[in-house]
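S.K.:
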Amino acid sequence: MSTRPDAGPPPRPRPGPRLRPAVPGDAEALAHLHLDVWEDAYTGLMPTHVLTERRRAADARVEQWRHILTQRAAAGVDPDPVLLAEDASGLLGFGSALPRRDADEDLPPVELTALYVRARCWGTGLGHRLLVAALGDRAAYLWVLAGNGRAIGFYGRQGFALDGAVDDSDPHGRHLRMVRR
Numbered sequence: 088m089s090t091r092p093d094a095g096p097p098p099r100p101r102p103g104p105r106l107r108p109a110v111p112g113d114a115e116a117l118a119h120l121h122l123d124v125w126e127d128a129y130t131g132l133m134p135t136h137v138l139t140e141r142r143r144a145a146d147a148r149v150e151q152w153r154h155i156l157t158q159r160a161a162a163g164v165d166p167d168p169v170l171l172a173e174d175a176s177g178l179l180g181f182g183s184a185l186p187r188r189d190a191d192e193d194l195p196p197v198e199l200t201a202l203y204v205r206a207r208c209w210g211t212g213l214g215h216r217l218l219v220a221a222l223g224d225r226a227a228y229l230w231v232l233a234g235n236g237r238a239i240g241f242y243g244r245q246g247f248a249l250d251g252a253v254d255d256s257d258p259h260g261r262h263l264r265m266v267r268r
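Quick note on numbering: the sequence shown equals residues 88 to 268 in the numbering used here.
#1: To the nearest angstrom, report how far apart Ala118 and Val149 are at their CA atoms.
#2: Taking 7 Å as the limit between beta carbons, can you name the residues of its chain near Val231, skipping five residues before and five after?
#3: For a test of the three-state rule: what should DSSP assign to Ala201, helix, strand or coil?
#4: Among His154, Arg143, Gly223, Pro186, which residue has its Cα nearest to the Cα of Asp113?
#5: Among Tyr129, Gln245, Arg159, Pro258, which residue has its Cα nearest to the Cα of Arg268?
#6: Rounded to whole angstroms, what is the Cα-Cα separation between Asp250 and Ala161?
#7: Can you find at least 3 beta carbon pairs, one from the region 166-175 and one from the region 213-222, that sit closer than 8 Å?
#8: Excluding the five sequence neighbours on either side, which residues of its own chain have a C-beta within less than 6 Å of the C-beta of Trp152, listed in chain order?
#9: Provide the residue span of the beta strand (DSSP E) that contains His121, from first to last.
#10: Taking the C-alpha atoms as reference points, what is the distance between Thr139 and Ala147?
#11: According to the neighbour-count rule (16 or more other Cβ atoms, all chains shown, within 10 Å of its Cβ), is Val124 buried or exposed?
#12: Return the chain-ordered ranges of every alpha helix (DSSP H) run that is complete within the region 148-235 and spans a minimum of 4 residues.
#13: Work out the CA separation of Gln158 and Ala109 for me, nearest whole Å.
#14: Within the 8 Å Cβ cut-off, does Ala190 reach chain D?
#15: Tell whether a beta-carbon distance below 8 Å holds between Met133 and Gly236.
#16: What does a CB cutoff of less than 6 Å around Asp255 pick up in its chain, not counting 5 residues either side in sequence?
#17: If we count Cβ pairs, one from each stretch, closer than 8 Å, do we get three or more for the region 172-181 versus the region 205-215?
#18: Spatial neighbours of Arg187 within its chain, please: C-beta separation below 8 Å, excluding the five flanking residues on both sides.
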């Protein structure tokens, strides 16, 4: 306790971003967040025209997210919801996991399909919070754009390792698989 007469109570800690499941009403904000974080993450890694075209197709991205979130809501209890991170300024990031989509039966049963935070949130622990909320300590796998050293390093610190699998089907970049067992 301070002996200064003008010292008031200690400052209140600021609440961190809150995590919550996305609902269909989040589709527009989520679509625009998705476009923003793609630019943050992939500028310099993907051709500029790819990011520009995605931005031009923003309405389609809104409809895509509206469809996904509406389907998940209609299904009732969603064991792996799309998770949003937000604060008073709006959405800061999102994460999503789904049951394994790859045919390889040796893979873990869960795929981390998305994990993105705004560039201003990099290094704050928000990505880790979203990953833990989406996966807990479950074994999982994911695909990461080759050359994305920031993401590969992040996932490595979360227990994922490159397993040597490569996907060259995306004309905009090679993807590498990382697995956490």
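The C-beta atom is built at its ideal place from N, Cα and C for all residues, glycine as well.
M.R.: Judging by the given coordinates:
#1: Taking the first residue of the sequence shown as position 1, residue 118 is located at position 31. Taking the first residue of the sequence shown as position 1, residue 149 is located at position 62. Spanning the two alpha carbons is a distance of roughly 5 Å.
#2: If you number the sequence shown from 1, residue 231 lands on position 144. The residues are Ala238, Ile239, Tyr242, His262, Leu263, Met265.
#3: Position 114 of the sequence shown, counted from the start, is the residue given in the question as residue 201. Three-state result, Ala201: strand.
#4: Residue mapping note: residue 113 aligns to position 26 of the sequence shown, counting from 1. Nearest C-alpha to Asp113: His154.
#5: Locating residue 268 in the sequence shown gives position 181, counting from the first residue. Arg268 has its Cα closest to that of Gln245, out of Tyr129, Gln245, Arg159, Pro258.
#6: By one-based count along the sequence shown, residue 250 stands at place 163. By one-based count along the sequence shown, residue 161 stands at place 74. Using only the alpha carbons, I get a separation of about 36 Å.
#7: With the cut-off at 8 Å, the region 166-175 and the region 213-222 touch.
#8: What you label residue 152 is simply residue 65 of the sequence shown in a count that begins at 1. Excluding residues within five positions, the ones whose Cβ falls inside 6 Å are Ala114, Leu117, Ala118.
#9: Position 34 of the sequence shown, counting from 1, holds the residue named residue 121. In the DSSP annotation of this structure, His121 is not part of any beta strand (DSSP E); the continuous alpha helix (DSSP H) holding it starts and ends at 114-129.
#10: Here residue 139 refers to the residue found at position 52 of the sequence shown. Here residue 147 refers to the residue found at position 60 of the sequence shown. As the crow flies, the alpha-carbon of Thr139 is around 14 Å from that of Ala147.
#11: By one-based count along the sequence shown, residue 124 stands at place 37. The residue in question, Val124, is buried, as its Cβ has 16 or more Cβ neighbours within 10 Å.
#12: 213-222
#13: To locate residue 109, count along the sequence shown from 1; it is residue 22. To locate residue 158, count along the sequence shown from 1; it is residue 71. One C-alpha to the other measures close to 12 Å.
#14: Of the protein chains in this structure there is only one, and it is not chain D.
#15: In the sequence shown, the residue the question calls residue 133 occupies position 46. In the sequence shown, the residue the question calls residue 236 occupies position 149. No, the Cβ-Cβ distance between Met133 and Gly236 is not below 8 Å.
#16: In the sequence shown, residue 255 corresponds to position 168, counting from 1. Result list for Asp255: Arg261, in chain order.
#17: Touching, yes, given that three or more Cβ pairs across the two stretches are closer than 8 Å.
#18: Sequence index remark: in the sequence shown, residue 187 carries index 100 (1-based). Closer than 8 Å at the Cβ level, and outside the excluded window around Arg187, lie Leu194, Pro195, Pro196, Val197, Glu198, Tyr228.
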